[in-house]
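Protein chains in written order, with the UniProt record's numbering: chain U, 1 to 208; chain A, 1 to 208.
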């Protein structure tokens, strides 16, 4: 069984064993040879998905939530977790809180790469690579640290505020890096796929 | 006496009474008729500043600091304050801590408008105006609030962490808006000019 999570920049596949990526342009020329169970947040691939081998599992992710307009990728990641804070750190970072299988709410911030690019666009003086080793306990004393601190510290602080002792589940491209700042954390590259798999398992008679 | 603070997007003038702006393009065609005491962080205006009516006061801002590469606009704002947290909220937001006339350190984050644009560039689904009234005490339940919360909350949290009882001096385009979230805060549109004025007063015999 092949699962596929179609995002803004990539389509990520999982066959139960390995994970691989296609860019959105590559995805738009990709011809499936077997059923692909997918979720999608990208309007640019709508035509491609009319192929009947693509099966949308969004309707089967029955997340208990009062949130209006929750992206299906966030819903899928949350669907894999009963209790805890879910942080999906990609081009955007989403934080969502789950308690006893209910989605309590969440919010969206720009991701690390997005934040660095936005600073670069303000001034060439701010076009400086991240110092991933910056000390978050000391006030910066040079521009590279001032930027690195200003990128990482607000994210880490806010996650800390929300976690308050709960387990933190990281996923997404920068999830592993961010997870290092927290003791009660787990990095799970497959989190979205686990939620998708749960939805499929709950609807085997319809989907398989 | 006319003071001028040349930034990345605007040149801001102050004549001791009123403040006005020119875009950088406008500034590059502007012909001064009297002495203009300026500070500048923008490399695009270097040629214009060769006119001898423009007087650079950067060398006279003698801020006590070990920070390497502090922008002169940040130095000028800090030079106006002996004790407290200085927040300049424009296209970038800078936070700097002053204690007993010494600059302790600081850092740089993208500003509110910059952050909103960076989200918009990720996906059209994130192209949503700020809800400036978003409740920062409740987890968001819809996309507009999720974005507004994710833009404002990290900034407010981080300022709170650093202020820890100290006075907070806001300046810059979003300074007034952000100052509303803090009781021990003051919005001073003229903060950079006050620092420039101090430097001029201390060097009257050379500059005037």
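C-beta atoms are modelled at their ideal positions from N, C-alpha and C, and glycine is treated no differently.
Quantities reported herein were computed from a predicted structural model and do not represent experimental measurements.
- Along the segment 116 to 147 of chain A, going in chain order, the ones with a CB nearer than 8 Å to a CB of chain U are 117, 118, 119, 121, 122, 123, 124, 125, 126, 138, 139, 140, 141, 142, 143, 145, 146 and 147.
- Residues of the segment 79 to 102 of chain U with a C-beta atom less than 7 Å from some C-beta of chain A are 91, 92 and 97, listed in chain order.
- In chain order, 153, 154 and 157 make up the part of chain U whose C-beta sits under 8 Å from the C-beta of residue 158 of chain A.
- The count of Cβ pairs closer than 8 Å, one atom from the segment 65 to 74 of chain A and one from the segment 139 to 158 of chain A, stays below three, leaving the stretches out of contact.
- If you look at residue 157 of chain A, you'll find it isn't in any beta strand (DSSP E); it sits in the alpha helix (DSSP H) that goes 143 to 163.
- Taking C-alpha positions only, residue 37 of chain A is separated from residue 13 of chain A by approximately 10 Å.
- Contact note: residue 21 of chain A does not reach chain U at a C-beta cutoff of 7 Å; the least C-beta distance is about 17 Å.
- Runs of the beta strand (DSSP E) spanning 3 or more residues and lying entirely within the segment 69 to 126 of chain U occur at 84 to 89, 92 to 99 and 102 to 110, in chain order.
- In the DSSP assignment, residue 5 of chain A falls within the unbroken beta strand (DSSP E) covering 2 to 6.
- Note on residue 99 of chain U: under 16 other CB atoms within 10 angstroms of its CB, so exposed under the neighbour-count rule.
- Listed in chain order, the positions of the segment 25 to 47 of chain U with a beta carbon within less than 9 Å of a beta carbon of chain A are 41, 42 and 43.
- Excluding residues up to 5 positions away in sequence, 63, 86, 96, 98 and 103 lie with their Cβ nearer than 6 Å to the Cβ of residue 78 of chain U in the same chain.
- Taking a Cβ-Cβ cut-off of 9 Å, the neighbours of residue 66 of chain A in chain U comprise 141, given in sequence order.
- Under DSSP, residue 21 of chain U forms a beta bridge with U/12.
- Between the segment 184 to 198 of chain U and the segment 40 to 55 of chain A, the count of C-beta pairs closer than 8 Å stays below three; the two stretches do not touch.
- For residue 36 of chain A, the enclosing beta strand (DSSP E) covers residues 36 to 40.
- Cβ-Cβ distances below 6 Å link residue 179 of chain U to 170, 185 and 187 in the same chain, with the five nearest sequence neighbours on each side left out; the list follows chain order.
- In the three-state reduction of the DSSP assignment, residue 207 of chain A falls in the helix class, which pools H, G and I.
- Put simply, of U/5, U/52 and U/58 the residue whose alpha carbon is nearest the alpha carbon of residue 203 of chain U is U/58.
- Taking 8 Å as the CB threshold, residue 109 of chain A lines the interface with chain U.
- Residues of the same chain with a CB within less than 6 Å of the CB of residue 176 of chain U, apart from the 5 flanking positions on each side, are 187 in chain order.
- Residue range 168 to 171 is occupied by the beta strand (DSSP E) that includes residue 168 of chain A, with no alpha helix (DSSP H) assigned at that position.
- Proximity to residue 144 of chain U across A/168, A/106, A/112 and A/120 peaks at A/106, based on C-alpha coordinates.
- For residue 12 of chain A, there are no neighbours in chain U by C-beta distance under 9 Å, as the nearest C-beta there is about 16 Å away.
- Relative to the Cα of residue 167 of chain A, the nearest Cα in the group A/46, A/84, A/206 and A/101 belongs to A/84.
- Residue burial is scored here from C-beta neighbours: residue 116 of chain A has at least 16 other C-beta atoms within 10 angstroms and is therefore classed as buried.
- Inter-residue distance for residue 4 of chain U and residue 11 of chain U is about 7 Å (C-alpha atoms, whole angstroms).
- Closer than 8 Å to the CB of residue 16 of chain A there is not a single CB belonging to chain U.
- Proximity to residue 6 of chain U across U/16, U/26 and U/18 peaks at U/26, based on C-alpha coordinates.
- Taking C-beta atoms under 8 Å as the contact rule, residue 2 of chain U and residue 34 of chain U qualify, at a distance of about 6 Å.
- For residue 192 of chain A, there is no enclosing beta strand (DSSP E); the enclosing alpha helix (DSSP H) has its first and last residue at 191 to 201.
- Contact of residue 105 of chain A with chain U is assigned, a C-beta pair being separated by under 8 Å.
- Its chain contains 10 and 12 as the residues whose beta carbon lies nearer than 6 Å to that of residue 21 of chain A, once the 5 sequence neighbours on both sides are disregarded; these appear in chain order.
- For residue 161 of chain U, the nearest beta carbon of chain A is closer than 8 Å to its own beta carbon.
- Beta-bridge partners assigned by DSSP to residue 65 of chain U: U/103.
- Any Cβ of chain A closer than 8 Å to the Cβ of residue 150 of chain U would place that residue at the interface, and such an atom is present.
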